[in-house]
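Chemist: Sending over a structure as structure tokens; questions will come in a sec.
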Amino acid sequence: MPADFVNPLPLLQALKQRSLLPLVVGSDQPVSDQTTASLSSPLLSGRTPESGFGLMRAAKGSLSPTDRLIFSQYLLDHFSSYTNQTNSGPLSYEVEYIIGKSGSDRVNLESTVKKLLVMREAINILYLEGNPEKHEDLTNEALLIATSLGAPETEPAVQVLLAVAWSFAESLVDLRAVLHDKKTARLKTPETWQTDLSDLSHLTEGMDGLTIDAPGGQSYQDLLRLLLISKKPASLAVRSMDMIEANLKTSRPLFQLDHCFDSLSFELTVRSEGKITLTAERSFSYRSKEASNAR
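Residue numbering for the sequence shown is 33 to 327, as defined by the working numbering.
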């Protein structure tokens, strides 16, 4: 048993109990604490919206994979996120709101990175189990841990726990990389794997030094796209309308998206002294004048 041997499992288990944001963002990067608490009324998804006659017939059925991809790209292009903070509305992380639906930037960011962590852990543990060198490292380290605990016969079970812990550590470094505008590999290779077993016992001390900017890899925006594609389009649509409404409320506090209309027609009748009746019809529409008259 090496004199400087440290069992990393308790340390990594303790990391799992901590808040995820300080681990993947770092103490030197600010996190927005903006909320929607200042808005004058609940957003569209938080109330029973007004509805009209529904004259326009929408296509029924689920969106195709291509439609989902186009819609997710639209959201990434037009709404801000942690690495693309272009908005000055009540929330800075709008895409994270669309994914998480909390009224707090901090809560939405933490929820989003937790989902990304699970995604990355699955990819990383597959690499560990499929790479002969890494599998051998796991076997040797697991035997050391089991022996240090006085139960070498538990080595197979310890190896499973160690593989999970190692993939967790690698995933933390993945997220640290993408949140600092680097890219992480879609599928790991020996060249893009970032952590060694020796790093696990002091992971938080030099995580930035472990991150690799993988050429052709996935950025934070790319990972957000995967989350958006996995969500129900109806939920994404109503939450994106929340953000549109929230931004408009900053200059028009009483604005409500469901009080907008595409077209409106009404008839006004005035009767004078019970003898003369005047009737007028008016139509208002966002369409062209010709189209309005045609109706």
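Ideal placement from N, C-alpha and C gives every residue a C-beta, glycine not left out.
Taking DSSP as the reference, what is the three-state secondary structure of N39?
Modeler: In the structure shown, N39 sits in coil (DSSP, three-state: anything other than H, G, I, E or B).
Chemist: If you draw a straight line from the C-alpha of L44 to the C-alpha of L76, how long is it?
Modeler: Each residue's alpha carbon lies about 41 Å from the other.
Chemist: Within a Cβ cutoff of 6 Å, which residues of the same chain sit near L212, ignoring the five residues on either side of it in sequence?
Modeler: It is worth fixing the name first, because residue 212 is His in this sequence and not Leu. The answer is none, since no qualifying residue turns up.
Chemist: For D240, which residues from the same chain have a beta carbon less than 8 Å from its beta carbon, with the 5 sequence-adjacent residues on both sides left out?
Modeler: Correct list, in chain order: G58, R208, H212.
Chemist: From L141 to V210, what does the alpha carbon distance come to, in whole angstroms?
Modeler: Those two C-alpha atoms are separated by around 13 Å.
Chemist: Leaving out five residues on either side along the sequence, give the residues of the same chain with a beta carbon under 6 Å from the beta carbon of R100.
Modeler: If we look at R100 and ignore the five residues flanking it on each side, its Cβ neighbours are I261.
Chemist: State buried or exposed for E164, treating a residue as buried only when at least 16 other CB atoms are found within 10 Å of its CB.
Modeler: Position check: residue 164 holds Pro in this sequence, whereas Glu was assumed. Label assigned to P164: exposed.
Chemist: Kindly provide the ranges of any alpha helix (DSSP H) runs that are 4 or more residues long and lie completely inside the stretch 139-179, ordered along the chain.
Modeler: Correct list: empty.
Chemist: I need the DSSP call for R79, collapsed to helix, strand or coil.
Modeler: Coil at R79, not helix or strand.
Chemist: I102 and L268 - do their beta-carbons sit closer together than 8 Å?
Modeler: No.
Chemist: Note the first and the last residue of the continuous alpha helix (DSSP H) segment covering V57.
Modeler: Note, V57: alpha helix (DSSP H), 52-57.
Chemist: Around the Cβ of K264, are there at least 16 other Cβ atoms within 10 angstroms (buried) or fewer (exposed)?
Modeler: With fewer than 16 other Cβ atoms within 10 Å, it is exposed.
Chemist: With distances taken between CB atoms, is the gap from A195 to E187 smaller than 8 Å?
Modeler: Not in contact: A195 and E187 (Cβ atoms no closer than 8 Å).
Chemist: By the 10 Å Cβ neighbour count, where 16 or more other Cβ atoms means buried, how is Q336 classified, buried or exposed?
Modeler: Outside the displayed span of the chain (33 to 327) sits residue 336, for which this structure offers no information.
Chemist: Going by Cα to Cα distance, which pick from T301, Q288, K146, A154 is closest to Q49?
Modeler: Checked all of T301, Q288, K146, A154; the closest Cα to Q49 is K146.
Chemist: Tell me whether the beta-carbon of L232 lies closer than 8 Å to the beta-carbon of A266.
Modeler: No. Outside cutoff.
Chemist: Under 8 Å between the Cβ atoms of S203 and L149?
Modeler: In contact: S203 and L149 (Cβ atoms closer than 8 Å).
Chemist: In terms of residues, what are the limits of the alpha helix (DSSP H) holding T224?
Modeler: Unbroken run through T224: none, as it is neither H nor E.
Chemist: What is the rounded straight-line gap between the Cα of A312 and the Cα of H291?
Modeler: Straight-line Cα distance between these residues: approximately 24 Å.
Chemist: The alpha helix (DSSP H) that contains L289, what's its start and end?
Modeler: Taken as a continuous stretch (DSSP letters only), L289 belongs to no alpha helix (DSSP H), as it is neither H nor E.
Chemist: Going straight from the alpha carbon of E23 to that of D169, what length do you get?
Modeler: The chain is shown from 33 up to 327; residue 23 falls before or after that span and cannot be answered.
Chemist: Looking at R152: is its Cβ nearer than 8 Å to the Cβ of D228?
Modeler: Result no, Cβ atoms of R152 and D228 do not sit closer than 8 Å.
Chemist: Consult DSSP for R218 and reduce its assignment to one of helix, strand or coil.
Modeler: Looking at R218 - three-state DSSP - the assignment turns out to be coil, as it is neither helix nor strand.
Chemist: Closest by CA to G137, which one among S64, V270, A217, P184?
Modeler: In the sequence as presented, Gly is not what sits at residue 137; that position holds Asp. It is S64 whose Cα lies nearest to the Cα of D137.
Chemist: Would DSSP call A409 helix, strand or coil?
Modeler: No statement about residue 409 is possible, as the shown extent of the chain runs from 33 to 327 and does not include it.
Chemist: How many whole angstroms separate the CB atoms of Q253 and T115, which I take to be in contact at a CB cut-off of 8 Å?
Modeler: The Cβ separation is near 7 Å, so the contact holds.
Chemist: Distance, Cα to Cα, S283 vs S112?
Modeler: So the two alpha carbons sit approximately 19 Å from each other.
Chemist: Based on the DSSP output, what are the partners of Q250 in its beta bridges?
Modeler: Beta-bridge pairing links Q250 to T216.
Chemist: Label T221 either buried or exposed according to how many other C-beta atoms from any shown protein chain fall within 10 Å of its C-beta, with 16 as the threshold for buried.
Modeler: That one is exposed.
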